[in-house]
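Each remark here refers to the structure printed beneath this line.
Have a look at this one:
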C-alpha cells in the first residue's frame, strides 16, 4: 500500500479541524492563537499533500467539500482514539492525569470544592469551569473538559455516558409581601393571577428546559414572563418584589443568604424534581469517571449537613 502523503495526525490536520469546526480560517486562527495567514498556508499545504481541495472558496462563507467532510469525521475519530489511548497509558503507568471538570452554577459553592478536595490525590492538576448545561456539553464535545455536571440527562445527545448524581426538589420562591397576602396553600391558578410576573430560566439552559417541559404539562401560560440565566439574578428579583419563580432546593446551598429574604413554598400538585447528572464521553476514563461520580454522590448525600 502506498504511504499516505501526510501523517495520520499532524499539525496540519489539527489546523484543518479547527477551521472545519469553527467555520472558517479567521475563527480557527483566533482559537489556535495563529495569524489567519498561517492558517491559510497550513490548509493549502495539506490540500497539496492530499491532492484535493478541502474548502469551497467560491462560496461565502466557505463550505467544506465532500472529501473534507469525510476527512473531518475520520480525523476526529483518530484524535479521540489517540487521546483515549494516552489516558489509558497514563492510568496504567500511574501517571496522574490533569482533570478538567465542568459544572452548573448551582454546584460551585458546595459540590465542586468538596469534589476537588477528594480528587487531589488522584490528579496532577484540576481545572474547574462553570456554565449553563448546553455550554458545558459543547465544551465536552470539543474536548475542552473531561466531564460535566449538568441539569437533566440530555437523552438526545449521542456518544456520552450519563450518571445520575442526585435529584433535587423544585420549590417556589416568592416575595414575602406576596406570601403574606395569601392565606393557605397556593394553587397554580393562584400563581397565575397573583399580579406579579413569573420569572423563569431561559430555555437554553438545562433548568430552563426542564421547567419549560413541566410548565407545558399544566396546559396554560403565565403572563408577564421575565427570563434570566442564573439563580442569583432570579433570587435578587424575587427579593426585590419583582416577581416569583421556581428553583431547586439546593439553590440555598449556593446562596444561603437568600433563604431568609424570600418566601419558599412547595409546588402545587403536580410537583417535579430536577436530576443532576455527570456527563462524560463514552468509554473514556471509566475508572476516573466512576470515582468522580462516587465522590459527588457522597457530597450530595451530605449536603444537608
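Numbering (the numbering used here), first residue to last: 982 to 1286.
Where is the CB? At the ideal position from N, CA and C, for every residue including glycine.
Cβ-based neighbour list, residue i, same chain, cut-off 7 Å, excluding 5 preceding and 5 following
i	result
residue 1262	1121, 1140, 1141
residue 1230	1149, 1150, 1152
residue 1234	1090, 1091, 1284
Inter-residue CB distance, residue i and residue j (contact presumed, cutoff 8 Å)
i	j	result
residue 1092	residue 1247	Their Cβ separation, rounded to whole angstroms, is 24 Å, which puts residue 1092 and residue 1247 out of contact at 8 Å.
residue 1132	residue 1257	6 Å
residue 1216	residue 1154	7 Å
residue 1182	residue 1203	Contact flag wrong, Cβ pair sits at about 13 Å.
residue 1077	residue 1114	Actually they do not touch by this definition, with Cβ atoms about 28 Å apart.
residue 1052	residue 1035	7 Å
residue 1103	residue 1272	7 Å
Contact under 7 Å by Cβ, residue i with residue j
i	j	result
residue 1001	residue 1045	yes
residue 1148	residue 1254	yes
residue 1249	residue 1168	yes
residue 1232	residue 1212	yes
residue 1081	residue 1111	no
residue 1023	residue 993	yes
residue 1145	residue 1129	no
residue 1143	residue 1270	no
residue 1222	residue 1207	no
residue 1266	residue 1068	yes
residue 1087	residue 1277	no
residue 1126	residue 1083	yes
residue 1005	residue 1042	yes
Where residue i falls: helix, strand or coil (DSSP)
i	result
residue 1089	coil
residue 1043	coil
residue 1264	coil
residue 1146	strand
residue 1210	coil
residue 1275	helix
residue 1110	strand
residue 1059	helix
residue 1136	coil
residue 1104	coil
residue 1126	coil
residue 1080	strand
residue 1183	coil
residue 1160	helix
residue 1155	strand
residue 1036	strand
residue 1001	helix
Own chain partners of residue i with C-beta closer than 8 Å, once the 5 adjacent residues on each side are dropped
i	result
residue 1019	1010
residue 1243	1154, 1155, 1156, 1157, 1216, 1219, 1220
residue 1286	Since pLDDT at residue 1286 reaches only 49, below the 50 mark, its modelled position is unreliable, and the value read off the structure follows with that caveat. Same-chain partners within the cutoff: there are none.
Own chain, CB closer than 6 Å to residue i, minus 5 neighbours either side, in chain order
i	result
residue 1048	1033
residue 1007	1017
residue 1275	none
residue 998	1056
residue 985	With a pLDDT of 41 at residue 985, under the threshold of 50, the modelled position of that residue is not reliable, and the figure given next carries that caveat. No residues qualify anywhere along the chain.
residue 1027	993, 997
Neighbour flag for residue i against chain C, beta carbons, 7 Å
i	result
residue 1068	In the structure shown, chain C cannot be found, because there is only a single protein chain.
Q.
List, from N- to C-terminal side, the alpha helix (DSSP H) runs of 4 residues or more that fit wholly inside the stretch 1222-1263.
A. Runs of the alpha helix (DSSP H) inside the stretch 1222-1263: 1232-1235.
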